[in-house]
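Data block below; observations after.
There are 6 protein chains.
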Amino acid sequence: MPFVTIEMIEGRTPEQKRELVEKITKVVAETVNVPEERVYVFIEDLKKDHFARGGKLIIDQE
Amino acid sequence: MPFVTIEMIEGRTPEQKRELVEKITKVVAETVNVPEERVYVFIEDLKKDHFARGGKLIIDQE
Amino acid sequence: MPFVTIEMIEGRTPEQKRELVEKITKVVAETVNVPEERVYVFIEDLKKDHFARGGKLIIDQE
Amino acid sequence: MPFVTIEMIEGRTPEQKRELVEKITKVVAETVNVPEERVYVFIEDLKKDHFARGGKLIIDQE
Amino acid sequence: MPFVTIEMIEGRTPEQKRELVEKITKVVAETVNVPEERVYVFIEDLKKDHFARGGKLIIDQE
Amino acid sequence: MPFVTIEMIEGRTPEQKRELVEKITKVVAETVNVPEERVYVFIEDLKKDHFARGGKLIIDQE
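As structure tokens, then:
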């Protein structure tokens with residue numbers, strides 16, 4: 001505890017995901033005073049043909 | 001905002017998914033008075049070997 | 001199945017929520033060919049002091 | 001209803017997943033007094049390169 | 001890890017919830033071979049005026 | 001997009017939550033190159049009598 005879930009559009013690099021979990025863990029641990037070991041981070045890639053804004057799939061807006 | 005997530009069994013066509021996000025966005029925007037641009041829709045396919053009802057995986061009930 | 005979750009900012013009326021679940025159920029049932037009886041809808045109110053955009057809680061943007 | 005979601009690291013066998021949904025359905029049905037038919041179980045595999053603890057992806061801790 | 005979320009209609013007693021988390025933790029730990037200490041269980045009460053089946057809120061079906 | 005959900009045990013102060021959403025938004029925006037305006041953060045308080053580890057509710061472990 002705490003548990004952080006990040007949903008973002010597919011396509012980010014493994015390095016971005018590594019940097020993201022590292023930095024988010026640090027921010028959360030410092031702000032709510034828990035050891036980094038107790039922070040869990042989940043990344044979910046949003047597929048462009050399964051995510052819509054304004055009534056249109058993102059893949060159809062490209 | 002608002003955010004709508006639809007979980008349904010895998011196998012629907014891209015056209016069904018396009019129709020779904022379009023119609024749901026329209027209904028939500030009209031009913032809670034927000035512009036369609038601010039409605040997000042997420043579709044999640046439930047895999048038949050990872051979803052169960054009555055104690056049995058759906059794939060084992062076919 | 002299917003399961004629809006709607007997350008929206010707190011403050012909508014019970015009538016809006018009734019209208020929302022009714023219309024969304026109809027749209028989903030028609031579009032993916034399932035009886036309305038098998039459509040579940042969950043509504044989650046987003047509290048303004050627990051939801052942020054652009055780094056600020058919604059309550060602090062009012 | 002009820003709905004049970006299990007998120008666990010990828011790699012469990014189909015047999016483990018079958019056993020899991022069967023046993024969890026039984027426990028839930030007995031404990032909250034509903035027929036097993038009304039218990040839904042969702043399994044989500046956590047990919048090791050999309051799940052982190054202590055600021056590091058699980059895949060980088062192996 | 002693993003993480004189990006149970007969504008069920010409001011109204012179950014604290015004792016039912018204690019029994020549920022105890023038994024589910026045991027089943028999960030045994031089935032996927034992890035110590036009970038590493039099993040997290042989340043309970044979410046579904047409010048009857050925020051959960052619908054067949055297009056009607058549960059509270060309106062009572 | 002992106003969407004960040006933080007689940008943590010109830011009891012953190014409003015100031016901690018403000019600091020958390022501000023810092024997480026900055027980290028996410030910088031790391032995946034999106035404007036802060038497009039980052040949404042959801043905070044969910046885990047109630048101690050609805051969250052368990054090792055088969056026991058947190059409230060029963062205090």
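If you're matching them up, the sequences are chains A, B, C, D, E and F in order. Going by UniProt numbering, the first residue of the first sequence is number 1, and it counts up by one from there. Going by UniProt numbering, the first residue of the second sequence is number 1, and it counts up by one from there. Going by UniProt numbering, the first residue of the third sequence is number 1, and it counts up by one from there. Going by UniProt numbering, the first residue of the fourth sequence is number 1, and it counts up by one from there. Going by UniProt numbering, the first residue of the fifth sequence is number 1, and it counts up by one from there. Going by UniProt numbering, the first residue of the sixth sequence is number 1, and it counts up by one from there. Every residue gets a Cβ at the ideal spot worked out from N, C-alpha and C, and that includes glycine.
Return helix, strand or coil for residue i, following the three-state DSSP convention.
i, result
"B:Asp-60", "helix"
"F:Val-28", "helix"
"C:Glu-36", "helix"
Can you tell me the Cα-Cα spacing of residue i and residue j, whole angstroms?
i, j, result
"A:Glu-10", "E:Glu-62", "43 Å"
"B:Thr-31", "F:Phe-42", "23 Å"
"A:Val-39", "E:Glu-36", "18 Å"
"A:Glu-19", "A:Asp-45", "16 Å"
"D:Lys-23", "F:Ala-29", "43 Å"
"C:Arg-12", "B:Pro-2", "11 Å"
"C:Leu-57", "F:Pro-14", "10 Å"
"B:Val-27", "C:Val-27", "9 Å"
"D:Thr-25", "D:Lys-48", "27 Å"
"F:Ile-59", "B:Val-21", "41 Å"
Taking DSSP's pairing of strands, which residues face residue i in a bridge?
i, result
"C:Met-8", "C:Asp-45"
"E:Arg-18", "According to DSSP, which records beta bridges pairwise, E:Arg-18 is partnered with nothing at all."
Going by C-alpha distance, which of the options is nearest residue i?
i, options, result
"B:Gln-16", "C:Gln-16, C:Val-34, C:Pro-14", "C:Val-34"
Within the chosen definition, does the stretch 49-61 of chain A reach the stretch 1-8 of chain C through at least 3 CB pairs nearer than 8 Å?
no
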